[in-house]
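K.L.:
What follows is a structure written as structure tokens; I'll ask about it next.
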Amino acid sequence: MNRDGPNPSTNGEWYPFQNRGAPANKDGTLVNPSVIPVVNVADLPEKARFVVVGAGVHGMSTAWHLAMLLEQSGKGKGSDVVLIDKQGPGAGATGVACGCIRNFYMTGPLHAILRESVAVWESDPVNFGFQQVGYVSVGEANQEADYVKLHQSQNDNGYASDLYTGREAKAYLTSLWPDFKTANCDVVLHEKPSGYAGTHMAVWGLDEKCRQWGVRRVYGTEVSGYDMTNGRVTGVITDRGTVLVDEAVVVSAGSWMPIHWAWLGKSAKLDVTYGDGHQEVGMDMWTFWKLLEGEAYLPDGVDFRTAAGKDSPVLHVELMNTPVVGPDGREILDHVYWYSRYAAERVGAPGLQGGTIPIKLGPQAVLEPYGHLNDLYQADDWFADYYCAVAGMLFGRFENLRGYYKERRNGGIGAFTPDNVPVFDWVADNAFMTADSNHGYKMIGVGKLVARMLVDGEMPAELRPFGLARYSTGGTFGDRNSNCPWV
Ligand SMILES: Cc1cc2nc3c(=O)[nH]c(=O)nc-3n(C[C@H](O)[C@H](O)[C@H](O)COP(=O)(O)OP(=O)(O)OC[C@H]3O[C@@H](n4cnc5c(N)ncnc54)[C@H](O)[C@@H]3O)c2cc1C
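Numbering (the numbering used here), first residue to last: 1063 to 1549.
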């Protein structure tokens, strides 16, 4: 705990949001609850046309869009959709995400996924807490070629962004933030449709839309397996009985996906073929990574606004060859990887929230309790020093931020795929999986695309590149120049 500054943290230890009390305990293990109070919850029915498992961003978006499309097309009713979660909305990664919404991906096909997703965020910015402030990414000269490619692909996909290089890049940064220190900042991309969304607000909004369109929301019910016959899921088994499935199941289990994957009879290992023909034999299908994130209060008189007085774009800076040195002159890390956004709703006062590159854990992880509650997955000790030192390296206004770091629990893990890119695909004849490789809070539009597919019977073009077949046919993603798995 620090220490040198007027840090007003008192409680707020367990949850990101203000001073909530300690969490509940089940059989000796803390329970990460829904992040919102839930009302009008349904009982588990004996039978349903569609079952969606998991009330994170993907499960709720799928259930809402499916219910809405069924009603609007006359092809069914909202109540044909049953949404099950062992806790409730936002009990997984969705409830603790940083909430950054960007399209900064070297994986070109993700640009269309983000275009569709931003359309959903824009459809109700108030109820999703969406702030369309833009997203500015900054790199060294060695990333220029990647930025040029990315800028082209974003714009080809209808996602407007501006690119600045060399002196223009530095001038653009100081036009946004006059106190920005531009050393080694050689290339800048400014995505205009991007921004951030408060995770509580988005969870409220999504749950409410499910409720309004008649989804039967079954919370506090845990799935424990799937009944399968001839490659079809015929029933979803829960601790309250089995619900028979008429048509399809969508599995949106976030970090718990590896467990559901095994229940669906899939192998934990696979051979992965890359575009250049080389093959990795016996790779793990799922690898857990731990995220490193934190928050800082803004000192009195300091804001995170632009020169024009606007809420700043989300800022992402990766300087692979620039070391980060602490106030005592010691090198903390040999590179900069830093993202931040304004986060008053999260910090409980004017503040910043952000992070750095996650840490690889391996194919196994303790999943309960999830998120901030799990002692094993708190941000590492060096993180606060690093986060604040980079803030001070980049901005004159943040040179003394360390004393304002919000000292409290902060953690979360995710299950990543073999190429760290989402898999959206059928995993049984009638079971579809939305596995976003733990960077898909922003991908709220995937549920809309999945719902359209379930109603129309055809997979939308935007989802097609994310099939499992890519691992055997050489379509594995992995074209990148970054220290980070978010590719
Ligand atoms: C700390 C952190 C910060 C992040 N920041 C960002 C960010 O800034 N931007 C971004 O785009 N992404 C971010 N991500 C990633 C993003 O949060 C996740 O990719 C996304 O929220 C996953 O959504 P989901 O719906 O797949 O899973 P989840 O939100 O994890 O939801 C899965 C749900 O399934 C339920 N469930 C699981 N198993 C069962 C079962 N057996 N029975 C019933 N229910 C079950 C769980 O209770 C849970 O509610 C972050 C992740 C973390 C951990």
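Glycine included, C-beta positions come from ideal geometry on N, C-alpha and C.
From this set, W1325, K1352, I1506, which residue's C-alpha is nearest D1437's C-alpha?
P.N.:
In the sequence shown, the residue the question calls residue 1437 occupies position 375. Answer by Cα proximity: K1352.
K.L.:
For L1429, which of helix, strand or coil comes out of DSSP?
P.N.:
In the sequence shown, residue 1429 corresponds to position 367, counting from 1. Three-state result, L1429: coil.
K.L.:
Going by DSSP, name the residue or residues bridged to M1345.
P.N.:
Position 283 of the sequence shown, counted from the first residue, corresponds to residue 1345. Answer is L1332, bridged to M1345.
K.L.:
Should S1314 be listed as close to ligand 1, given that the test is whether its C-beta is under 6 Å from any heavy atom?
P.N.:
The residue you call residue 1314 lines up with position 252 of the sequence shown. For ligand 1, at least one heavy atom lies less than 6 Å from the Cβ of S1314.
K.L.:
At which residues does the alpha helix (DSSP H) containing F1190 begin and terminate?
P.N.:
For the purposes of this step, residue 1190 is taken as residue 128 along the sequence shown, with counting starting at 1. F1190 -> alpha helix (DSSP H) spans 1187-1190.
K.L.:
Would you list the residues sitting across from C1162 in a DSSP beta bridge?
P.N.:
For the purposes of this step, residue 1162 is identified with residue 100 of the sequence shown, where counting begins at 1. Answer by DSSP bridge pairing, in chain order: Y1258.
K.L.:
Taking all protein chains shown into account, decide if T1124 is buried (16 or more other Cβ within 10 angstroms of its Cβ) or exposed.
P.N.:
Counting from 1 along the sequence shown, the entry for residue 1124 is found at position 62. That one is buried.
K.L.:
Can you tell me where the beta strand (DSSP E) holding W1488 begins and where it ends?
P.N.:
Along the sequence shown, one-based indexing puts residue 1488 at 426. Per DSSP, W1488 belongs to the beta strand (DSSP E) from 1485-1490.
K.L.:
Measuring straight from C-alpha to C-alpha, what distance separates F1445 and W1126?
P.N.:
For the purposes of this step, residue 1445 is taken as residue 383 along the sequence shown, with counting starting at 1. For the purposes of this step, residue 1126 is taken as residue 64 along the sequence shown, with counting starting at 1. Answer to the nearest angstrom: the Cα atoms are 38 Å apart.
K.L.:
Is P1547 helix, strand or coil by DSSP?
P.N.:
As a working note, residue 1547 is residue 485 in the sequence shown. P1547: coil per DSSP, three-state reduction.
K.L.:
As a quick exercise: from L1423, E1108, H1120, pick the residue whose alpha carbon is nearest that of G1509.
P.N.:
The residue given as residue 1509 occupies position 447 in the sequence shown. That would be H1120, whose Cα lies nearest to the Cα of G1509.
K.L.:
Taking the alpha-carbon positions, what's the F1166 to T1291 distance?
P.N.:
Looking up residue 1166 in the sequence shown gives position 104. Looking up residue 1291 in the sequence shown gives position 229. Going by the C-alpha atoms only, they are around 42 Å apart.
K.L.:
Report whether the distance from the Cβ of E1284 to the nearest heavy atom of ligand 1 is below 6 Å.
P.N.:
The residue given as residue 1284 occupies position 222 in the sequence shown. E1284: yes, Cβ under 6 Å from ligand 1.
K.L.:
Give me whichever residues DSSP pairs with Q1193 in a beta bridge.
P.N.:
Here residue 1193 corresponds to residue number 131 of the sequence shown, with the count starting at 1. According to DSSP, which records beta bridges pairwise, Q1193 is partnered with Y1258.
K.L.:
Pick helix, strand or coil for G1417, following the three-state DSSP scheme.
P.N.:
Translated into positions along the sequence shown, residue 1417 becomes position 355. Residue state, collapsed to three classes: strand.
K.L.:
Identify every residue that forms a DSSP beta bridge with R1367.
P.N.:
In the sequence shown, the residue the question calls residue 1367 occupies position 305. According to DSSP, which records beta bridges pairwise, R1367 is partnered with D1373.
K.L.:
Give the range of the alpha helix (DSSP H) segment to which A1513 is assigned.
P.N.:
Counting from one through the sequence shown, the residue named residue 1513 turns up at place 451. Note, A1513: alpha helix (DSSP H), 1508-1518.
K.L.:
Quick check: does the Cβ of N1292 come within less than 6 Å of any heavy atom belonging to ligand 1?
P.N.:
Here residue 1292 corresponds to residue number 230 of the sequence shown, with the count starting at 1. Every heavy atom of ligand 1 is 6 Å or more from the Cβ of N1292, so no.
K.L.:
For W1318, is the beta carbon positioned less than 6 Å from some heavy atom of ligand 1?
P.N.:
As a position in the sequence shown, residue 1318 is number 256, starting the count at 1. True, at least one ligand heavy atom lies under 6 Å from that Cβ.
K.L.:
State the DSSP-derived secondary structure class of S1071, mapped to helix, strand or coil.
P.N.:
Looking up residue 1071 in the sequence shown gives position 9. With a pLDDT of 48 at S1071, under the threshold of 50, the modelled position of that residue is not reliable, and the figure given next carries that caveat. In this structure, S1071 counts as coil in the three-state DSSP scheme.
K.L.:
Tell me whether V1398, by its Cβ, gets closer than 6 Å to a heavy atom of ligand 1.
P.N.:
Start at 1 with the first residue of the sequence shown, and residue 1398 comes out as number 336. V1398: no, Cβ never under 6 Å from ligand 1.
K.L.:
Which value, in whole angstroms, describes the spacing of the CA atoms of T1296 and P1522?
P.N.:
The residue given as residue 1296 occupies position 234 in the sequence shown. The residue given as residue 1522 occupies position 460 in the sequence shown. For T1296 and P1522, the distance between alpha carbons rounds to 25 Å.
K.L.:
Quick check on the DSSP output: the alpha helix (DSSP H) that includes G1454 runs from which residue to which?
P.N.:
As a working note, residue 1454 is residue 392 in the sequence shown. Element bounds for G1454: 1444-1456.
K.L.:
So for G1269, helix, strand or coil by DSSP?
P.N.:
In the sequence shown, counting from the first residue as 1, residue 1269 sits at position 207. According to the sequence displayed, residue 1269 carries Asp and not Gly. Helix.
K.L.:
In angstroms with no decimal places, state the Cα-to-Cα distance between L1268 and L1395.
P.N.:
Residue numbering aside, residue 1268 sits at position 206 when the sequence shown is read from its first letter. Residue numbering aside, residue 1395 sits at position 333 when the sequence shown is read from its first letter. Spanning the two alpha carbons is a distance of roughly 39 Å.
K.L.:
Between V1343 and the rest of its own chain, which residues show a CB-CB distance below 7 Å, the 5 nearest in sequence each way excluded?
P.N.:
Residue mapping note: residue 1343 aligns to position 281 of the sequence shown, counting from 1. Here the set comprises D1333.
K.L.:
In terms of residues, what are the limits of the beta strand (DSSP E) holding R1045?
P.N.:
Nothing can be reported for residue 1045, as the shown portion of the chain is limited to 1063 through 1549.
K.L.:
To the nearest angstrom, how far is the alpha carbon of C1550 from that of G1090?
P.N.:
This structure cannot speak to residue 1550, because the chain is shown only from 1063 to 1549.
K.L.:
Please confirm whether any heavy atom of ligand 1 lies closer than 6 Å to the CB of Q1149.
P.N.:
Walking along the sequence shown from the start, residue 1149 turns up at place 87. Yes, the Cβ of Q1149 comes within 6 Å of a heavy atom of ligand 1.
K.L.:
What residues are listed by DSSP as bridge partners for S1199?
P.N.:
The residue you call residue 1199 lines up with position 137 of the sequence shown. Looking at the DSSP assignment, S1199 forms a beta bridge with L1251, H1378.
K.L.:
Using only the heavy atoms of ligand 1, determine whether one of them is closer than 6 Å to the beta carbon of L1353.
P.N.:
Numbered from 1 along the sequence shown, position 291 holds the residue referred to as residue 1353. Yes, ligand 1 has a heavy atom inside 6 Å of this Cβ.
K.L.:
Flag this pair as yes or no: are the beta carbons of A1231 and V1250 separated by less than 7 Å?
P.N.:
Numbered from its first residue, the sequence shown carries residue 1231 at position 169. Numbered from its first residue, the sequence shown carries residue 1250 at position 188. Against a cut-off of 7 Å, the Cβ pair of V1250 and A1231 comes out as a contact.
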